[in-house]
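Working notes, structure below.
Chains as they are written, first to last, in my numbering: chain A, 3 to 236; chain B, 873 to 1122.
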């Protein structure tokens, strides 16, 4: 062991309760400060531009966006919080890019550390992972913005367009193989169903966020049936 | 581009706008650093191996590099209609590459424009869109603020199968969620291929899956465990390179 000490099970539980308590207190303070500043940004920009938001138009636009994204946020919240733990959840919902970056990143780190869901180790690894991922994104984007003008001809080179247009398929192809192997006893069901839905209702192809929630919930349901029947025993 | 558009874009890209955005990003980065230090110290305190903690940081950093570069391309994509600072903020914090363009478009229509077009943009429309984009995506953060403590307590109160080494349903639910997520995306690529004859996303996903299969084989059968840090980024890079070649052939 390093500088730390080995704690008994009971000591660890008591330590974990205190740690979580402080994480919630500090997480809430940081969330209020960050949300307050993020909401102030449009008004500060308004001071620079000499114009303030039109609140009637804001309400109309907000309703259109919230109808889609608030229910999605609720489902994401219910699904992702158990995976992430408290610290990583406060960070993830402020730093964004959840399903495409923070969640796979945290799960990857958790698997490498062999930490189980709901344990102090998982809480710590997830928080470290999400914080690192957020900082790397911030640094890459800051450097990118600095270099944006000279880089623009390279980035917008039509030769590279297919590569950048297909980052998400590349991510989910690689990640898919990893997870289909893990859930090989039930993975074919959501894959066939998702493919069939998109072929029969092509409008769903553009509604990946909706499809994701439906297929995700269905897969959890299928895995529950397999689990109850003992079909997932290694 | 006429003088009015150029002048608005100049204002949107002015140093003051960069300054406001940089302040917001520094604030959120400070939150990340604070939580990172806190969790590192906590890990040491309960006796976790420093190498495990370090590995989590290194693997997360390498994992993020490629997707972060794609997020940067989102900034490039939005910079023509909204300037650079606002997309830089939206995609550095709280925003989401997959949804951001949609939200901007919905917000633009909501404030009365025919779409996200610089030709129709006014300073008032811009700040209103910025406010809609910010408020419209706060659901998760607000839920954390108001209910995370209670929700976490509820989750921790649920009994766990301890000591047997057997996976609980919580473990399987997590695997299932990811299987479902990947199936949803890959299903949409199958749909694109069959319904619209757009093959490239599906082929790219297949190349990425094949590259990952090779990595899994090397990690499991040849005990090349060091590859675990890079398998996802390497598979993505190979698939993205292949998509350039496939795009030319098709």
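Quick reminder that beta carbons are idealized off the backbone N, C-alpha and C, glycines included. Treat the numbers as computed from the prediction; the structure is a model and nothing was measured.
- Relative to the Cα of residue 1073/B, the nearest Cα in the group 69/A, 164/A and 18/A belongs to 164/A.
- The C-beta of residue 231/A comes no closer than 9 Å to any C-beta of chain B.
- When C-beta atoms of the stretch 1091–1098 of chain B are compared with those of the stretch 1053–1064 of chain B, fewer than three pairs fall below 8 Å, so the two segments do not count as touching.
- Here DSSP, grouped into helix, strand and coil, assigns residue 55/A to coil.
- For the set 1014/B, 1078/B, 950/B and 967/B, the Cα lying nearest the Cα of residue 34/A is the one of 1014/B.
- By the CB criterion at 9 Å, residue 99/A and residue 129/A fall outside the cutoff.
- With 16 or more other Cβ atoms inside 10 Å of its own Cβ, residue 939/B counts as buried.
- Residue 52/A counts as exposed, since fewer than 16 other beta carbons sit within 10 angstroms of its beta carbon.
- Contact between the stretch 67–80 of chain A and the stretch 112–125 of chain A is not established, with fewer than three Cβ pairs separated by less than 8 Å.
- Contact fails between the stretch 102–110 of chain A and the stretch 59–68 of chain A, because fewer than three Cβ pairs, one in each stretch, are under 8 Å apart.
- Pairing residue 24/A with residue 16/A, the inter-Cα distance amounts to about 13 Å.
- Spatial neighbours of residue 37/A in its own chain (CB-CB distance under 6 Å, excluding positions within 5 residues in sequence) are not present.
- Only exposed fits residue 1098/B, as fewer than 16 other CB atoms lie within 10 angstroms of its CB.
- Closer than 9 Å to the CB of residue 94/A there is at least one CB belonging to chain B.
- Within the stretch 1041–1058 of chain B, 1041, 1042, 1043, 1044, 1045, 1046, 1047, 1048, 1049, 1050, 1051, 1052, 1053, 1054, 1055, 1056, 1057 and 1058 place their CB atoms closer than 7 Å to a CB of chain A, listed in sequence order.
- Closer than 9 Å to the CB of residue 1096/B there is not a single CB belonging to chain A.
- With a beta-carbon spacing of about 6 Å, residue 234/A and residue 187/A fall inside the 8 Å limit used to define contacts.
- For residue 913/B, the closest C-alpha among the options 21/A, 41/A and 59/A is that of 21/A.
- At a cut-off of 9 Å between beta carbons, residue 1103/B contacts chain A.
- Distances from the alpha-carbon of residue 1025/B to those of 194/A, 87/A, 92/A and 221/A put 87/A closest.
- Each residue's CA atom was taken as its position, placing residue 42/A and residue 967/B some 16 Å apart.
- Secondary structure note for residue 1050/B: its alpha helix (DSSP H) is the uninterrupted segment 1041–1068.
- Note that the C-beta distance between residue 71/A and residue 1009/B is below 9 Å.
- Residue 908/B reaches chain A at 129, 130, 133, 134 and 137, counting residues in chain order whose Cβ is nearer than 8 Å.
- Spanning the alpha carbons of residue 58/A and residue 1017/B requires a straight line of approximately 27 Å.
- Around the Cβ of residue 898/B, a 10 Å sphere holds fewer than 16 other Cβ atoms; the residue is exposed.
- For residue 1098/B, no alpha helix (DSSP H) segment is defined, and its DSSP state is neither H nor E.
- The beta carbon of residue 131/A sits closer than 6 Å to the beta carbons of 107, 108 and 111 from its chain, once the five residues preceding and following it are set aside; these are given in chain order.
- Only residues of its own chain outside the window of five on either side were considered, and among them 959, 960 and 963 have a CB closer than 6 Å to the CB of residue 947/B, listed in chain order.
- Look at residue 86/A here: in three-state DSSP terms it is helix.
- With distances taken between CA atoms, residue 1065/B lies nearest to 171/A out of 40/A, 178/A, 171/A and 218/A.
- Among the residues facing chain A, residue 931/B is included, as its CB has a counterpart in that chain under 9 Å away.
- Across the stretch 62–96 of chain A, CB contacts with chain B closer than 7 Å involve 62, 63, 64, 66, 67, 68, 71, 72, 75, 76, 78, 79, 81, 83, 84, 85, 88, 89, 91, 92, 93, 95 and 96, in sequence order along the chain.
- Minimum Cα-Cα distance from residue 932/B among the listed residues 908/B, 952/B and 917/B corresponds to 908/B.
- DSSP places residue 886/B outside both helix and strand once states are collapsed to three, so it counts as coil.
- For residue 1019/B, the enclosing alpha helix (DSSP H) stretches over residues 1011–1028.
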